[in-house]
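When the sequence shown is numbered by numbering that gives the first Met the number 0, its final residue is 579 and no position is left out of the sequence of numbers.
Notes to accompany the following structure.
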Amino acid sequence: MKSKTSTQTTNLAQEKALGGGLYLLLGISLALGIGAATFTLYQFRHANQVYSRMIKEDVARLDEARRMQVNFQKQIFEWKNVLLHGHKSEDYLAYTKSFFANEKAVKDAGVGLLKAEEPGSPVAEALKKFTEAHRQVAERYRQALDFYNAHEQDGIAADATFENINRPPMLMLDEAVKAYSNRLISESATQMDTASKSQVFVIIILLAVCGAGILLFNYLAKFVRNFNALIHSQLSAKAEIETHNQRLQEQIRDLLRIVADASDGDLTVRAAVTEGAMGNVADAVNLMLENVGGLLKEVQAAAGRVATSANDIQISSEQLSEGSVKQSGEIINTTSAVQEMAANIESVSNNAAAAAETAHRAREAAEVGAKAVQQVMEGMDRIRQNVQAGAKKIKRLGERSMEISTIVNTIGQISAQTDMLALNAAIEAARAGENGRGFTVVAEEVRKLAERTAAATKEIEKLIAGIQAETNESVSVMEQQTAEVEAESRVVESTGGELSRIHESSIQSSELIREIDQAAKQQVRGAVGVVKAMETVSAIAQQAQAGASQTKLATESLAALSSELLESLSKFKIATNGSN
Numbered sequence: 000m001k002s003k004t005s006t007q008t009t010n011l012a013q014e015k016a017l018g019g020g021l022y023l024l025l026g027i028s029l030a031l032g033i034g035a036a037t038f039t040l041y042q043f044r045h046a047n048q049v050y051s052r053m054i055k056e057d058v059a060r061l062d063e064a065r066r067m068q069v070n071f072q073k074q075i076f077e078w079k080n081v082l083l084h085g086h087k088s089e090d091y092l093a094y095t096k097s098f099f100a101n102e103k104a105v106k107d108a109g110v111g112l113l114k115a116e117e118p119g120s121p122v123a124e125a126l127k128k129f130t131e132a133h134r135q136v137a138e139r140y141r142q143a144l145d146f147y148n149a150h151e152q153d154g155i156a157a158d159a160t161f162e163n164i165n166r167p168p169m170l171m172l173d174e175a176v177k178a179y180s181n182r183l184i185s186e187s188a189t190q191m192d193t194a195s196k197s198q199v200f201v202i203i204i205l206l207a208v209c210g211a212g213i214l215l216f217n218y219l220a221k222f223v224r225n226f227n228a229l230i231h232s233q234l235s236a237k238a239e240i241e242t243h244n245q246r247l248q249e250q251i252r253d254l255l256r257i258v259a260d261a262s263d264g265d266l267t268v269r270a271a272v273t274e275g276a277m278g279n280v281a282d283a284v285n286l287m288l289e290n291v292g293g294l295l296k297e298v299q300a301a302a303g304r305v306a307t308s309a310n311d312i313q314i315s316s317e318q319l320s321e322g323s324v325k326q327s328g329e330i331i332n333t334t335s336a337v338q339e340m341a342a343n344i345e346s347v348s349n350n351a352a353a354a355a356e357t358a359h360r361a362r363e364a365a366e367v368g369a370k371a372v373q374q375v376m377e378g379m380d381r382i383r384q385n386v387q388a389g390a391k392k393i394k395r396l397g398e399r400s401m402e403i404s405t406i407v408n409t410i411g412q413i414s415a416q417t418d419m420l421a422l423n424a425a426i427e428a429a430r431a432g433e434n435g436r437g438f439t440v441v442a443e444e445v446r447k448l449a450e451r452t453a454a455a456t457k458e459i460e461k462l463i464a465g466i467q468a469e470t471n472e473s474v475s476v477m478e479q480q481t482a483e484v485e486a487e488s489r490v491v492e493s494t495g496g497e498l499s500r501i502h503e504s505s506i507q508s509s510e511l512i513r514e515i516d517q518a519a520k521q522q523v524r525g526a527v528g529v530v531k532a533m534e535t536v537s538a539i540a541q542q543a544q545a546g547a548s549q550t551k552l553a554t555e556s557l558a559a560l561s562s563e564l565l566e567s568l569s570k571f572k573i574a575t576n577g578s579n
């Protein structure tokens, strides 16, 4: 009896030790599983929140910063238009209005972005520098506008005095956009690294849980072997012990079958709970299977959410990549447009240079025309003097009829000279071209006058006898001709004045065209600077596109790992809610 009691005591001690070990392994497995599930859910929820914020905030801020770049470039272009076309009041009002509108848009965007950033961050510091530089440039532009208006809208002088004032803030804005892109790329890489580490951590925990299950199985197998050895060593025990051992052995076989099924992945099996230590073991195994099944369901749900989040992030990354590609294309188109505009401005500069040369030749032609008019005026003065001399001679004709022959010869000579002068005037008028058309009429009138004078001379020769009677009439005719010559002289003098004004206008036109040529060259230099700035923006956009592509690849890898995890978890058979 004493031996029986000792044996029972030994068995109870072994069963209690086994139960304690099982509970310890179960507690460790549950703690690891719950900790892994909690950590995984927290990490993926945090990653999803960060990606959502990146898509909604950081990408939107980057787009706003790039729009601010475009508006700043528009502001610079409108300033160039003010300098180039501001001498026209309607253009001045239109370009200054657009200039100040773009300035306000840049200012408001910069203030809004700066408020949204955390103080002290690289992006905030870059934006702070730009907004201060843009404020100073705004004051400088107003000083330049006052200078422009105070100096009779001299665009060249204003541009030379305030040249390259927009260069520092433009570089600062480029740095701010670059800081946005670098931050977006860095945050994407950090989140991908965190997600990958979380995935690895979950896999390690699952492996640890599986290892604990295997350890538990080995522990049970060892117990069975020891217990079988104990049974074989006590075959001489009483029938009650044998019966107890048979029942215990059946319970162990059932428990081993349950553990084997669980090891194969069926976590829905449950051991029969009886009285005694083996009942406690069965209860512990059932609790472990239930908790492991619940843990695996949570892991499956977490893996499903990870896969969904990975797909959402992948879609967002694809949208970000497509947006970056589209924006890069728009920047390329803008750069092409600016380059085309620079080529057009250069063409304007070349045309202005050609126009300046043409204006110079027109000025020289006007100078030649003025000299020709002066010569015609001198010739007309001589004609007037000759006509007056002829009138005096005709008056003396009545007094000196005896000298009539000499007077007739003199008149003939005067007629020949007049004809020669008319021919010279016609030649000079032909040289003057369009401006000498009026001189042709004068020359024709003078020629006709010479012909009439010659005819009168012949008539005087034929009608010498009646010359005294017609002297008074001839004097009247000569006076009328003198008046006509004087009138024509005044016309020629007026034409000379017009030519002088044409000459002055040619000088002014040449000067204006020269200013336009210089302003166009300034525009070409400004356009070249804009092209370089757009190339910088294009490089930043390409970096953002590369970062988006890396993010897309990382999310694809995360989605693949999530799919593999779900596939591995699908091998376990887990009880659904409400099942026993």
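Glycine included, every Cβ here is placed at the ideal spot set by N, Cα and C.
Cutoff 8 Å; reference residue i; Cβ partners in own chain excluding five residues on either side
i: Lys127; result: Leu113
Distance CB(residue i)-CB(residue j) smaller than 9 Å
i: Gly496; j: Asn423; result: no
i: Tyr140; j: Gly85; result: no
i: Glu257; j: Val268; result: A quick correction: the sequence has Ile, not Glu, at residue 257. Going by C-beta atoms, Ile257 is nearer than 9 Å to Val268.
i: Val367; j: Gly437; result: no
i: Ala415; j: Ala388; result: no
i: Glu443; j: Gln374; result: no
i: Thr580; j: Asn434; result: Only positions 0 to 579 of the chain appear in this structure, which leaves residue 580 out of reach.
Enclosing alpha helix (DSSP H) for residue i [first to last residue]
i: Ile164; result: No alpha helix (DSSP H) holds Ile164; DSSP gives it neither H nor E.
i: Thr95; result: Ser88 to Ala115
i: Gln135; result: Pro121 to Ala149
i: Glu63; result: Val58 to His84
Nearest candidate by alpha-carbon position, reference residue i, set the options
i: Ala271; options: Val258, Gly264 and Asp253; result: Asp253
i: Leu288; options: Ala300, Gly303, Gly264 and Ser185; result: Gly264
i: Tyr179; options: Val58, Ser548, Glu151 and Ser335; result: Val58
i: Ala64; options: Thr439, Met419 and Ala175; result: Ala175
i: Arg451; options: Ile413, Ala431 and Gly437; result: Ile413
i: Thr535; options: Val69, Asn310, Glu433 and Ser493; result: Val69
i: Phe161; options: Leu144, Met171, Gln152 and Leu172; result: Leu144
i: Glu458; options: Glu433, Asn408 and Val441; result: Asn408
i: Thr481; options: Val105, Ala364 and Asn385; result: Asn385
i: Ile203; options: Glu433, Ala149, Thr189 and Gly34; result: Gly34
i: Val325; options: Ile27, Thr37 and Asp62; result: The residue asked about is misnamed: residue 325 is Lys in this sequence, not Val. That would be Asp62, whose Cα lies nearest to the Cα of Lys325.
i: Ala353; options: Lys73, Ala30, Ala538 and Arg513; result: Arg513
i: Leu170; options: Leu286, Ala449 and Met67; result: Met67
Per-residue burial, residue i [other beta carbons within 10 Å of its own, 16 or more giving buried]
i: Ala259; result: exposed
i: Lys79; result: buried
i: Lys103; result: exposed
i: Lys531; result: exposed
i: Glu56; result: exposed
i: Val284; result: buried
i: Lys177; result: buried
i: Glu117; result: exposed
i: Thr405; result: exposed
i: Asn165; result: buried
i: Ser187; result: buried
i: Ala159; result: exposed
i: Leu552; result: exposed
i: Gly292; result: buried
i: Gly432; result: exposed
i: Gly119; result: exposed
i: Gly154; result: buried
i: Ala108; result: buried
i: Asp192; result: exposed
i: Val280; result: buried
i: Val105; result: buried
Nonlocal neighbours in the same chain, by C-beta distance under 7 Å from residue i, ignoring five residues either side
i: Val81; result: Tyr91, Tyr94, Thr95 and Phe98
i: Thr137; result: In the sequence on display, residue 137 carries Ala and not Thr. The answer, listed in chain order, is Glu102.
i: Pro168; result: Phe129, Ala132, His133 and Val136
i: Val445; result: Ile382, Thr417, Leu420, Ala421 and Ala424
i: Val122; result: Glu116, Ala175, Ala178, Tyr179 and Arg182
i: Arg60; result: Leu112, Ala115 and Tyr179
i: Glu77; result: Tyr94, Ser97, Phe98 and Asn101
Residues near residue i in its chain [Cβ-Cβ closer than 6 Å; skip 5 each side]
i: Gly278; result: Val272
i: Gly411; result: Thr456
i: Ile75; result: Asn165
Heavy atom of the ligand MN within 8 Å of residue i beta-carbon
i: Thr193; result: As for the ligand MN, it is missing from this structure, which has no ligand bound.
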